[in-house]
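Taking it in order: structure first as structure tokens, then the write-up.
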Amino acid sequence: MGDVRYRLVGLYKERDGDLDHTDNERYYFAPSLAVDMSDDTTVTFLASVQKDDGVPVNPFKLPYGTVQDTPFGRVDPQTNLSEPGYDRDNRTQWALGYELRHDLNDTWRFEQDLRYSELDLELRSTYAFFMSDARRATRGHVYRDGSIDSWTVDNRMVGNWYTDRTENTLLLGVDYQNLGVSGQEADPFPFGDPINVFDPTV
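Here is the structure:
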């Protein structure tokens, strides 16, 4: 066995959203370990985990009070017409896998990448739909709960050779993917009571 190399990548990020009472917090960690099994073979083991929690920003804006004048003035661009105490966007995803590289000779190399990943999602997002009167808007609601798991295996043969005037690369491969999706989703309308677009109650 030859050299062993490792790498650690981490991230923490916290930010406020573009609208009032929206935010996002993210954790990310991705270690990797590369092992030279021989002069011709290297295996890199990969892992990652990411978690996002926050209150989503729904970018949909009603024309009334934004691009259209009203007797009551304009709606502040940062006004949030959703339900910050109820809305949420929570995601957790992780992955494990490896990358294998093996030189068969001076011309051909075999490569294999394998990856398994999972994603869990919980989304609640309320949005203004249309004006019900001169001050209030009815609202809709996006609901997404579910999970996704996937297997991916990619096998490749890579050939590199030279002639007097050209450099040539030939790639042959086959891959396999398996994706499983489960969950519930809905977009009910109307949702809750109409909201005053000029003075929303949070």
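Using this note's numbering, read the sequence shown as starting at 903 and increasing by one per residue. Virtual Cβ for every residue (Gly too), placed ideally from N, Cα, C.
- Nearest to Phe931 (by Cα), restricted to the options Arg909, Arg1037, Ala1088 and Arg1067: Checking every option, the nearest Cα to that of Phe931 belongs to Arg909.
- Message: At the level of alpha carbons, what is the spacing between Asn982 and Asp1005?
- Response: Asn982 and Asp1005 have their C-alpha atoms spaced approximately 57 Å apart.
- Met903, DSSP secondary structure in three states: Coil, per DSSP.
- Would you list the one or two residues that DSSP bridges to Ala997? The bridge partners DSSP lists for Ala997 are Ser950 and Ser1019.
- Query: Nearest to Gly1085 by alpha carbon, out of Glu1013, Leu1025, Gly1061 and Thr924?
  - Reply: Taking only the C-alpha atoms, the option nearest Gly1085 is Leu1025.
- Query: What are the complete beta strand (DSSP E) segments, minimum 3 residues, inside the region 1062-1093?
  - Reply: DSSP runs (the beta strand (DSSP E)) wholly in the region 1062-1093: 1069-1088.
- Message: Nearest by alpha-carbon distance to Phe962: which of Ser984, Tyr1064, Thr1009 and Gly912 is it?
- Response: Here the closest residue by C-alpha is Ser984.
- What is the residue span of the beta strand (DSSP E) that Phe931 lies within? Where Phe931 is concerned, the enclosing beta strand (DSSP E) stretches over Asp925 to Asp938.
- Proximity winner among Val1044, Glu927, Phe947 and Ser1049, relative to Phe1093 (alpha-carbon distances): Distance from the Cα of Phe1093 is smallest, within the candidate group Val1044, Glu927, Phe947 and Ser1049, for Val1044.
- Query: Residues in its own chain within less than 6 Å of Asn992 by CB, not counting five upstream and five downstream?
  - Reply: Same-chain partners within the cutoff: Asp955 and Glu1024.
- Message: Within 10 Å of its beta-carbon, does Val1104 have 16 or more other beta-carbons around it, so buried, or fewer, so exposed?
- Response: Summary for Val1104: the model assigns pLDDT 48, below 50, so the residue's position carries little reliability, and this model does not support an answer.
- Message: Would the region 936-949 count as touching the region 1070-1085 if we require 3 or more Cβ pairs under 8 Å?
- Response: No, they do not touch.
- Under 7 Å, do Ser1049 and Asp1022 count as touching if we go by C-beta distance? Yes, the Cβ-Cβ distance between Ser1049 and Asp1022 is below 7 Å.
- Message: Can you tell me whether Gln980 is helix, strand or coil according to DSSP?
- Response: Note: Gln980 maps to coil in three-state DSSP.
- Which of helix, strand or coil does DSSP assign to Lys963? DSSP places Lys963 in coil when its eight states are reduced to three.
- From Leu913, Thr1028 and Asp1101, pick the residue whose C-alpha is nearest to that of Gly987; which is it? Selected option, being the one with the closest Cα: Thr1028.
- Item | Neighbourhood of Asp989 by C-beta distance below 7 Å, restricted to the same chain and skipping five residues each side | Only Val957, Pro958, Arg1026, Ser1027 and Thr1028 meet the Cβ criterion.
- With DSSP collapsed to three states, give me the class of Arg1007. Residue 1007 is actually Asn in this sequence, not Arg. Here Asn1007 sits in coil by DSSP.
- Which partner residues does Arg1046 have in the DSSP bridge list? When beta bridges are read from the DSSP output, Arg1046 appears opposite Leu1025 and Glu1087.
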